[in-house]
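Trainee: Below are the structure tokens for one structure; questions will follow.
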Ligand SMILES: C[S@@+](CC[C@H](N)C(=O)[O-])C[C@H]1O[C@@H](n2cnc3c(N)ncnc32)[C@H](O)[C@@H]1O
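Following this line, the structure appears as structure tokens:
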């Protein structure tokens, strides 16, 4: 990892530690009210794993569904920068995307990211390239509708990583429904990994249905 990129990741890590301390002190009602203040990042272990997978498979088109303030975007942009790919980064909140843009610029990785602001369900409908890698990391009730939009656009061998499959426990039921939904597709192989907050890593084995 280049020093310029690592120092940006370190900046996020410091902010995450401060936010984790603050979040522990909040009631669940206060947390819900203030949720858009927080990074809620995938964390370094998941970032490192997904970076490794994207690089190893030389994924050209990476779609990040739920980018928040850009922590996972940094990992992905660095991974694709080494083999000429791109990240399509989807986020509802424009202020978070502005912050992410500055951080990507600081890391020297902005040219590898195409930001799309708005509801991911609308943005996904507009993506026409075959998709090689997806991170699902938005509010959990949207995982299944997003999967259904993404499925026809997957390139052969494409991977989908869905975060928060084990933590927080409050979303476990929705996460389990997502996992069952993926497994109901014959062309998907899928496994739960105990990395970070729990990742369902799924691979599409089939021809691209739609180009
Ligand atoms: C857990 S955070 C993403 C964290 C990010 N992947 C990272 O590692 O830094 C979830 C994000 O999904 C966004 N989000 C929720 N629903 C969305 C939707 N329908 N369309 C686009 N973004 C959405 C939220 O605004 C929030 O920033």
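Residue numbers (this note's numbering): -17 to 193. All C-beta atoms in this analysis are idealised placements derived from N, C-alpha and C, irrespective of residue type, glycine included.
To which residues of the same chain is residue 64 closer than 8 Å at the C-beta, ignoring the five residues directly before and after it?
Mentor: Same-chain partners within the cutoff: 37.
Trainee: Looking at residue 118 and ligand 1, is the gap between the Cβ and the nearest heavy atom below 7 Å?
Mentor: It does not: the Cβ of residue 118 is nowhere closer than 7 Å to a heavy atom of ligand 1.
Trainee: Could you check where the alpha helix (DSSP H) with residue -11 kicks off and where it finishes?
Mentor: Note, residue -11: alpha helix (DSSP H), -15 to 6.
Trainee: Which residue marks the beginning of the beta strand (DSSP E) containing residue 68, and which one marks its end?
Mentor: Residues 68 to 73.
Trainee: What are the residues that DSSP puts in a beta bridge with residue 78?
Mentor: None; residue 78 has no bridge partner.
Trainee: If you pair each beta-carbon of the segment 23 to 41 with each one of the segment 72 to 92, do three or more pairs fall below 8 Å?
Mentor: No, because fewer than three Cβ pairs between the segment 23 to 41 and the segment 72 to 92 fall closer than 8 Å, the two stretches do not touch.
Trainee: Buried or exposed: where does residue 28 fall if 16 or more other Cβ atoms within 10 Å of its Cβ makes it buried?
Mentor: Buried, because 16 or more other Cβ atoms sit within 10 Å of the Cβ of residue 28.
Trainee: Rank -5, 121 and 19 by C-alpha distance to the C-alpha of residue 47 and give the top, closest one.
Mentor: With distances taken between Cα atoms, residue 47 lies closest to 121.
Trainee: In whole angstroms, what is the alpha-carbon distance linking residue 131 and residue 186?
Mentor: So the alpha carbons of these two residues sit roughly 14 Å apart.
Trainee: Measure the beta-carbon distance from residue 124 to residue 103 and round it to whole angstroms, keeping in mind my assumption that it falls under 8 Å.
Mentor: Yes, they are in contact, since the Cβ atoms of residue 124 and residue 103 sit about 7 Å apart, within 8 Å.
Trainee: In terms of residues, what are the limits of the alpha helix (DSSP H) holding residue 153?
Mentor: Segment: none, residue 153 is in no alpha helix (DSSP H) and carries neither H nor E.
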